[in-house]
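Sequences listed follow chains A and B, in order. So the first sequence is numbered by this note's numbering: it starts at 1 and just counts up by one. So the second sequence is numbered by this note's numbering: it starts at 1001 and just counts up by one. Glycine included, C-beta positions come from ideal geometry on N, C-alpha and C. Here is the structure we will look at.
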Amino acid sequence: MKSEEIKLIDSNGKRLDGRGPLDLRKIKIEAGVLHRADGSCYLEWGGNKILVAVYGPREAIPKHIQDQVKALVNARYNMASFSVEDRKRPGPDRRSREISKVISEALERVILTEQFPRTTIDVNIEVLDAEAGTRCAGLTAAGVALADAGIPMTDIPVACAAGKIDGQVVLDLGKEEDNYGDADLPVAIAPRTDEIILLQMDGHLTIEEFDKALDLAIKGCHIISKLQRKALLDRYQSLIEGGDIE
Amino acid sequence: MTIIPSIKRDYLCRLAEQGKRIDGRKFDEYRKIEIKPNIISKAEGSALVKIGNTQVLTGIKMDVGEPYPDSPETGVLTTGAELVPLASPDFEAGPPQEDAIELARVVDRGVRESEVIELEKLCIEPGEKVWIIFVDIHVLDYDGNLFDAASLASLAALFTTKVPAKRFDLGEDFPLPLREPPVSCTSVKFNNVVVADPCLDEEEIAEARLTVATDKNGDIRAMQKGLSGSFTKDEIKKVIKASINNGKEIRKILYKSIGK
């Protein structure tokens, strides 16, 4: 119903928030923001505000969950109760459990888990303010936090979504676009090789549209990957220059 | 959890005998306090409070619901705290543990008993519909003194709260009606010294804890003693005096942050 009432792209090709079809929302990344965590990252992506803390590798407890040959990667995606329009009940629901699982699996692909047998690497993703695309934002922030924790990885994972609104393939869906659009395609990659480590889709796309959306999402990932690297560089360059090593 | 704290304990106690603390503060001195109000756009009100390395974020959500039968004409206040595993290597996921419940209860009492919120102005239809206020405390980085950080974050968040009347077709949005707030200050005792605003190392070896909430006039509005140790009468008087002084400073920081 609503999708026909609301025009998501105007006659000048501009989206509701003034972006062109190929534009990302504004992204800000900061590494090393928490004192207790082994690695951390704060990320703002449009109206999303995400905080990630990495703990580990540390002994996996209870013992029976330990893997004798590799580390467990345990991502936990959690939404603050005040992060959404209608208050969310605290604690995990089916949606956040699923997101935790697919993010854990994506991260496991890039982490050199075989270097830390019998341990767990905990990645806590807190969504403090939510506005479409939290899983991509969470995974992107997790990549930075893992690097900040000094966890060896083959690559810094990064995620971005593409989608279809008003019949057109666009990058990085905003809130209304997610609600009333035709399709959403979150993708995470290892940017050095373009391996796809997370992919989900809902909605309706033709084969051609899918190809286009996937290419677009990967392009978005590469732009964000540069921001991730810059955030890490900013953090550690200042430490070297300032001589302030905690 | 056993060997390192006992070494640290000796170290902290030896420092204390020389009148020093692990981070160089005086016994009654607070760490640096920072308040960032209104940072969550989806929340009706919010504030991030940093006390040293400790960080606590409180978000306020509001809804319309039924009042309690024994108070049909007043709004409902609900306070919850989550010690999310992000904040400390010792916090675990899952349902709220004792510590989270105590934290939420202490903050709730501070807000409720001091009558900061004019709950009687939050009635829509007596006995049928009132405003419900959810105060949700999210601990982000745990380096001691969660009580003060959580109380302060919750107060600051309440002061930024706009009642979302428009969303419920109940007229224009309006600021949450509030009175003068009391400010809580916590001290702990170990090895016969009493220190204000304990950092995590001090909290871990603390024998007794005392939280004192004071109002604008320097009167006492709430107290809570915790842990298994004891205080002498003189120590309690000293804690109260320090709490009044620190409370004044913290109140200034709070008012400045919310532009009051």
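Residues bridged to residue i [DSSP beta-bridge criterion]
i                : result
histidine 1138/B : Leu1057/B and Glu1082/B
leucine 1077/B   : Ile1133/B
threonine 140/A  : Threonine 140/A pairs with nothing; no bridge assigned.
leucine 185/A    : Ala162/A
leucine 43/A     : Ile29/A and Ile50/A
valine 1064/B    : Trp1131/B
serine 1187/B    : Ala1196/B and Leu1210/B
methionine 201/A : Bridge partners of methionine 201/A: none, in fact.
leucine 1048/B   : Lys1036/B and Leu1057/B
glutamate 195/A  : Ala190/A
glutamine 168/A  : Ile165/A
lysine 1162/B    : Pro1175/B
arginine 15/A    : Ile9/A
isoleucine 966/B : One cannot answer for residue 966/B here, as it falls past the ends of chain B, which runs 1001 to 1260.
Neighbour-count burial assignment, residue i, 16 or more Cβ in a 10 Å radius
i                 : result
lysine 1248/B     : exposed
methionine 1/A    : Any reading at methionine 1/A needs caution, since the residue's pLDDT is 42, under 50, leaving its predicted position unreliable; the model's value is listed next. Classification for methionine 1/A: exposed.
histidine 1138/B  : buried
aspartate 1136/B  : buried
leucine 128/A     : buried
serine 1041/B     : exposed
leucine 22/A      : exposed
histidine 35/A    : buried
tyrosine 1237/B   : The amino acid at residue 1237/B is misidentified as tyrosine; the sequence shows lysine. Exposed: under 16 other Cβ atoms inside 10 Å.
isoleucine 99/A   : buried
methionine 1001/B : Reliability fails at methionine 1001/B, whose pLDDT of 46 lies under 50, so the model's placement of it is uncertain and no value is given.
leucine 233/A     : exposed
glutamate 209/A   : buried
lysine 1026/B     : exposed
proline 1069/B    : exposed
aspartate 148/A   : buried
tyrosine 42/A     : buried
serine 1006/B     : exposed
Straight-line gap, residue i to residue j (C-alpha atoms, nearest Å)
i                 : j                    : result
tyrosine 1142/B   : aspartate 1148/B     : 12 Å
isoleucine 1244/B : lysine 101/A         : 49 Å
isoleucine 165/A  : serine 1114/B        : 51 Å
serine 3/A        : arginine 118/A       : With a pLDDT of 45 at serine 3/A, under the threshold of 50, the modelled position of that residue is not reliable, and no figure is offered here.
glycine 39/A      : glycine 1171/B       : 46 Å
isoleucine 1022/B : arginine 1179/B      : 38 Å
lysine 14/A       : lysine 7/A           : 10 Å
glutamate 1202/B  : valine 1188/B        : 8 Å
glutamate 246/A   : asparagine 12/A      : Reliability of the predicted coordinates at glutamate 246/A is poor, the pLDDT of 48 falling under 50, and no value is obtained from them.
glutamine 253/A   : proline 191/A        : Past the edges of chain A, shown from 1 to 246, lies residue 253/A, and the structure says nothing about it.
leucine 205/A     : aspartate 182/A      : 8 Å
isoleucine 224/A  : methionine 153/A     : 18 Å
glutamate 176/A   : proline 186/A        : 16 Å
leucine 112/A     : alanine 60/A         : 16 Å
glycine 1019/B    : histidine 222/A      : 55 Å
alanine 31/A      : alanine 142/A        : 10 Å
aspartate 1215/B  : valine 1183/B        : 6 Å
isoleucine 197/A  : glycine 150/A        : 21 Å
glutamine 68/A    : isoleucine 218/A     : 35 Å
glutamine 1097/B  : alanine 1081/B       : 10 Å
asparagine 1246/B : isoleucine 1033/B    : 11 Å
histidine 64/A    : phenylalanine 1174/B : 54 Å
isoleucine 1250/B : threonine 1186/B     : 12 Å
serine 104/A      : asparagine 1217/B    : 53 Å
glycine 18/A      : leucine 227/A        : 22 Å
aspartate 178/A   : glutamate 1207/B     : 53 Å
Limits of the alpha helix (DSSP H) - the one that residue i falls within
i                 : result
asparagine 1245/B : 1233-1257
alanine 101/A     : One detail in the question is off: residue 101/A reads as lysine in this sequence, not alanine. 94-110 is the span of the alpha helix (DSSP H), which, as asked, contains lysine 101/A.
glycine 1226/B    : Not the alpha helix (DSSP H): glycine 1226/B falls in the beta strand (DSSP E), residues 1220-1226.
aspartate 122/A   : Note, aspartate 122/A: premise wrong, no alpha helix (DSSP H); beta strand (DSSP E) at 119-129.
isoleucine 1101/B : 1098-1113
Residue i, enclosing beta strand (DSSP E) - first and last residue
i                 : result
tyrosine 77/A     : 72-79
leucine 51/A      : 48-59
isoleucine 1124/B : 1123-1125
leucine 173/A     : Note, leucine 173/A: premise wrong, no beta strand (DSSP E); not H, not E.
Heavy atom of the ligand GTP within 8 Å of residue i beta-carbon
i            : result
proline 57/A : The ligand GTP is not among the ligands present in this structure, which contains no ligands whatsoever.
What are the residues in the region 1056-1086 of chain B lying within 9 Å of chain A by C-beta distance? Result list: Leu1057, Thr1058, Gly1059, Ile1060, Lys1061, Met1062, Asp1063, Gly1080, Glu1082, Val1084, Pro1085 and Leu1086.
Near-chain A residues of the region 1040-1055 of chain B (beta-carbon distance less than 7 Å), N- to C-terminal order: Legend: CB atoms of the region 1040-1055 of chain B lying less than 7 Å from CB atoms of chain A belong to residues Ile1040, Ser1041, Lys1042, Ala1043, Ser1046 and Asn1053.
With 7 Å as the limit, tell me which residues of the region 119-141 of chain A have their beta carbon closer than that to any beta carbon of chain B; keep them in chain order. In summary, the residues of the region 119-141 of chain A whose CB is separated from some CB of chain B by less than 7 Å are Asp122, Asn124, Glu126, Leu128, Asp129 and Ala130, in the order they occur in the chain.
Between the region 1112-1137 of chain B and chain E, which residues of the former have a C-beta closer than 7 Å to a C-beta of the latter? The structure shown contains no chain E; its protein chains are A and B.
Using a Cβ cut-off of 7 Å, which residues of the region 18-36 of chain A contact any Cβ in chain B, in chain order? Answer in chain order: Leu34, His35 and Arg36.
Select from the region 215-241 of chain A all residues with a C-beta closer than 9 Å to any C-beta belonging to chain B, and list them in chain order. The region 215-241 of chain A vs chain B, Cβ under 9 Å: nothing.
For the region 65-80 of chain A, enumerate the residues whose C-beta is nearer than 7 Å to any C-beta of chain B, in chain order. Listed in sequence order: Arg76, Asn78 and Ala80.
Could you please tell me which residues of the region 1012-1038 of chain B, in chain order, have their CB closer than 7 Å to any CB of chain A? Taking 7 Å as the upper bound on Cβ-Cβ separation, chain A lies near no residue of the region 1012-1038 of chain B.
Members of the region 52-63 of chain A near chain B, C-beta cut-off 8 Å: Of all residues in the region 52-63 of chain A, the ones placed with a Cβ closer than 8 Å to any Cβ belonging to chain B are Val52, Ala53, Tyr55 and Arg58, in chain order.
Going along the chain, which residues of the region 84-106 of chain A sit with their C-beta nearer than 8 Å to a C-beta in chain B? Taking 8 Å as the Cβ-Cβ cut-off against chain B, the residues of the region 84-106 of chain A that qualify are Val84, Glu85, Asp86, Arg87, Pro90, Gly91 and Pro92.
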